[in-house]
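Following full-length UniProt numbering, the numbering of the sequence shown begins with 1 at its first residue and continues without gaps.
Virtual Cβ for every residue (Gly too), placed ideally from N, Cα, C.
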Amino acid sequence: MARPERPARYGRYLGGPDPLAPPLDLGEALDAVSEGVMSGYSPKQALREFLRRGGREQLGLDDLSGRVQQRRRELLRRHQLGGTLDEVSKLLDKALLAERSQLARDARMDPTDRTLREMTIENLPESTAGKVAGLAEYDWASSDAHETYKQIQDLLGREALESRFAGMKRALENAGESEREAVTEMLEDLNELLEHHARGEDTDEEFADFMSRYGDYFPENPNDVDELIDVLAQRSAAAQRMLQSMSEEQRNELMNLSAQAFGSADIQNQLSALDENLRRLRPDEDWDGAEEFTGDDQVGYGEGTSVMAELGELDALSDQLGDWSSESPLSELDIDALERHLGREAAVSARTLADLEKSMQNSGYLRRNAEGDLRLSPAAMRKLGKSLLRDAATRLSGRTGTRDTRSSGAAGEQTGASRPWQFGDTESWNVPRTISNAITRTAGEGGDPREGLRLAPSDIEVSETEARTQAAVVLLVDTSFSMVMEGRWVPMKRTALALHHLVSTRFRGDDLELISFGRYAQRVEIGELLERDIEYEQGTNLHHALLLAGQYFRKHPTMQPVLLVVTDGEPTAHLEPGGEPWFSYPPARETIAATVAELDKIARFGAQVTFFRLGENPGLARFLDAMARRVSGTVVAPDLDDLGAAVVGEFLSSRFGTDFGDID
1 MARPERPARY GRYLGGPDPL APPLDLGEAL DAVSEGVMSG YSPKQALREF LRRGGREQLG
61 LDDLSGRVQQ RRRELLRRHQ LGGTLDEVSK LLDKALLAER SQLARDARMD PTDRTLREMT
121 IENLPESTAG KVAGLAEYDW ASSDAHETYK QIQDLLGREA LESRFAGMKR ALENAGESER
181 EAVTEMLEDL NELLEHHARG EDTDEEFADF MSRYGDYFPE NPNDVDELID VLAQRSAAAQ
241 RMLQSMSEEQ RNELMNLSAQ AFGSADIQNQ LSALDENLRR LRPDEDWDGA EEFTGDDQVG
301 YGEGTSVMAE LGELDALSDQ LGDWSSESPL SELDIDALER HLGREAAVSA RTLADLEKSM
361 QNSGYLRRNA EGDLRLSPAA MRKLGKSLLR DAATRLSGRT GTRDTRSSGA AGEQTGASRP
421 WQFGDTESWN VPRTISNAIT RTAGEGGDPR EGLRLAPSDI EVSETEARTQ AAVVLLVDTS
481 FSMVMEGRWV PMKRTALALH HLVSTRFRGD DLELISFGRY AQRVEIGELL ERDIEYEQGT
541 NLHHALLLAG QYFRKHPTMQ PVLLVVTDGE PTAHLEPGGE PWFSYPPARE TIAATVAELD
601 KIARFGAQVT FFRLGENPGL ARFLDAMARR VSGTVVAPDL DDLGAAVVGE FLSSRFGTDF
661 GDID
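What follows is the structure, encoded as structure tokens:
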């Protein structure tokens, strides 16, 4: 009997990785990092540049930073400080109007008493704070006026507390004397705790006891006294910055009004002590900053402090997004704060960037060397090389009508190995492996292989073959500064990697030597060439490069020699007998003679020689044409984007004699 299906259960998304998000595209990140490495960045710098810029469908750190700055500008353009002063002024006018009305209509009041009251009202100071203070001991005739005046005192108290404790204003609305006494007691105990902490006398038990009694006042739920201080100091510093952002008149008025909070100075005195304690414990907070608000939306003392606190958090986010000094630009990013201020989309983007960074470092594409620096791994170079080779083959096929070459060698003896079939392959099928793959796939899909097999393209494997002859291939790449200046540095590296991947994966019997030449020439590994930084050196020492190529051919006497030279300048340097480079521009006769002599030596090996000329230098064109004629070689002048296709095509032509057409 079939087991009944369990009903699907759905619930609210509680955060964490987005289950509907597309899988991470490490390929795009790897391409970006590799391109950066070839441009001269370290892998670490290149990865950070990708995170900063983002991907095709992925916000980068610069985008998030821009949104943070936009949110900051919106706050400044929307709000205006002074809301508390305006509200107090309106309540005061309402109280005085009610009092004057009562005095005018109360016929039973003693005339002298009425006159004294009227004189008191009429001789109040001009400032709002002065009027509120002058009425502190006033015996109100109107109960409505008295109630309105008490609203002013309550408002000032709640605003003062709201400026230090978020949410306090609403919590104390319509609060009675007992609630205000509880707040005063909390402030006294809080200041005592902070003073104990400053002297190193506080204990975990004291903090736990404080939170058990007053935890409701702290929705942030700090875990220890340091977290409590951090929360309070950030809010208190924001309140000070808000005061600094007001005009001097507004600031003095508000400070004088605060003394009237709840009709008593007790709470204000405790708040002043709290500010002093916090400033002493967290002097690194921004206590003296200010902002310029230009909007029309008036905000009160408490709400203004919340705005200042938000501005402070936005500034912290901006610093975090722009901090490249840490090990990771995302390691210190407060993603929860980012979500609070910019919304879920921004938080998802930040988490995706963090996942990309972590995945790139854990994927095997990057690894650390003995010094701890990140480097491209062999797996990364294989993946990139495969991509570059595919691009070169596509360009080659599109321009010449030939197919993408994927064989391990010419149609010769089978190696005994097989590999998955790819479009364009002409090798024989490996029938046992193909049938075995089909059986495994059919069984895995729940089918019965005994009822018949249907082959899928993914089942097919072809037998690899060896080339009839092996080749010793030397690729000489110009690394002089002109290659950098003319934007040829990265295409040169991409070409070298594409050829390296072709030889190492499809022509395993061949051997490839990479030689770079600037003022000197040197043998280089592919990883070393890819990560080589820009070199500001004069000299195109083709003579030295040909000398090293000749030594290489000499070590492989039984292999077919193939020489490929990529350059954008005439030889301007050669090696002296003592091994020192000699430089001259324009090219000296001695340099030309030494270069030609080395080429003649290579010709004696029977090498197939191809020069790839970059740029439109007439002198270089004449020189390379003469060199090619001398050794029955070829000159190809590809566009920069076609350099990889040209080198791959000429290599294949040299190996098989295939006519790939005129690419220059």
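{"Query": "Between the Cα of A545 and the Cα atoms of H574, L497, D641 and P557, which residue gives the shortest distance?", "Result": "H574"}
{"Query": "What ranges does the alpha helix (DSSP H) occupy inside the region 418 to 485, keeping only unbroken runs of at least 4 residues that lie completely in it?", "Result": "431 to 444 and 481 to 485"}
{"Query": "Could you check whether F611 and V635 sit closer than 7 Å to each other, using their CB atoms as the reference points?", "Result": "yes"}
{"Query": "Restricting to Cα atoms, I'd like to know which of D93, R108, V524 and A104 is closest to residue 676.", "Result": "The question about residue 676 has no answer, for the chain in this structure spans 1 to 664."}
{"Query": "Scan the region 506 to 562 and note each continuous beta strand (DSSP E) run of 3 residues or more that stays entirely inside, going in chain order.", "Result": "511 to 517 and 521 to 524"}
{"Query": "Nearest CA to the CA of L281: which residue from A32, R199 and P125?", "Result": "R199"}
{"Query": "Rounded to the nearest angstrom, what separates E192 and E201 at their Cα positions?", "Result": "11 Å"}
{"Query": "Would you decide whether A265 is buried or exposed? Buried here means 16 or more other CB atoms lie within 10 Å of its CB.", "Result": "exposed"}
{"Query": "So for residue 670, helix, strand or coil by DSSP?", "Result": "This structure cannot settle anything about residue 670, because the visible part of the chain is limited to 1 through 664."}
{"Query": "Less than 6 Å between C-beta atoms, sequence neighbours within five positions excluded: which residues of the same chain meet that for S142?", "Result": "A98, E99 and Q102"}
{"Query": "On the three-state DSSP scale, how would you describe R344?", "Result": "helix"}
{"Query": "If you draw a straight line from the C-alpha of Q560 to the C-alpha of A471, how long is it?", "Result": "4 Å"}
{"Query": "Out of F165, E122, R117 and L124, state which residue places its alpha-carbon closest to the alpha-carbon of W140.", "Result": "R117"}
{"Query": "Please classify T567: does DSSP put it in a helix, a strand, or coil?", "Result": "strand"}
{"Query": "Identify, in the order they occur along the chain, each residue of the same chain with its Cβ nearer than 8 Å to the Cβ of D230, setting aside the five sequence neighbours on each side.", "Result": "P222 and R282"}
{"Query": "Look at the Cβ atom of Y365, then the Cβ atom of L30, and state whether they are nearer than 7 Å.", "Result": "yes"}
{"Query": "Tell me, which residues are paired with A573 by DSSP?", "Result": "F583"}
{"Query": "Quick check: what's the CA-CA separation for V631 versus G550?", "Result": "14 Å"}
{"Query": "For G83 and G55, what's the separation of their Cα atoms in angstroms?", "Result": "44 Å"}
{"Query": "May I ask you to list the residues that DSSP assigns as paired with L376?", "Result": "L366"}
{"Query": "Just the Cα atoms here: how many angstroms apart are L330 and L542?", "Result": "46 Å"}
{"Query": "Counting C-beta neighbours from all protein chains within 10 Å, is the total for Q153 16 or more, i.e. buried, or is it exposed?", "Result": "buried"}
{"Query": "On the DSSP bridge assignment, give the partners of R613 in chain order.", "Result": "T567"}
{"Query": "Does the Cβ-Cβ distance between S258 and Q270 come in under 7 Å?", "Result": "no"}
{"Query": "Closest to R368 by C-alpha separation, out of S34, K44 and G644, would be which residue?", "Result": "K44"}
{"Query": "Buried or exposed: where does A645 fall if 16 or more other Cβ atoms within 10 Å of its Cβ makes it buried?", "Result": "buried"}
{"Query": "Tell me whether the region 72 to 88 and the region 296 to 312 touch, counting them as touching only if at least three CB pairs, one residue from each stretch, are closer than 8 Å.", "Result": "yes"}
{"Query": "With a threshold of 16 other CB atoms inside 10 Å of the CB of M485, please say whether the residue is buried or exposed.", "Result": "exposed"}
{"Query": "DSSP on L81, reduced to helix/strand/coil?", "Result": "strand"}
{"Query": "When burial is assigned at 16 or more other CB atoms within 10 Å of the CB, is Q70 buried or exposed?", "Result": "exposed"}
{"Query": "Exposed or buried, what is K383 when buried is set at 16 or more other beta-carbons lying within 10 Å of its beta-carbon?", "Result": "buried"}
{"Query": "Express the C-alpha separation of M242 and Q250 in angstroms, rounding to a whole number.", "Result": "11 Å"}
{"Query": "Just the Cα atoms here: how many angstroms apart are residue 665 and L155?", "Result": "Because the chain in this structure spans residues 1 to 664, residue 665 falls outside the shown range and cannot be described."}
{"Query": "Let's see if you can read the secondary structure: which residues bound the beta strand (DSSP E) around V635?", "Result": "T634 to V636"}
{"Query": "With DSSP as the reference, identify every bridge partner of Q608, one or two as the case may be.", "Result": "V562"}
{"Query": "With DSSP collapsed to three states, give me the class of A410.", "Result": "Residue placement at A410 is flagged as unreliable, the pLDDT there being 39, under the threshold of 50; the coordinate-derived value follows with that caveat. It is coil, neither helix nor strand."}
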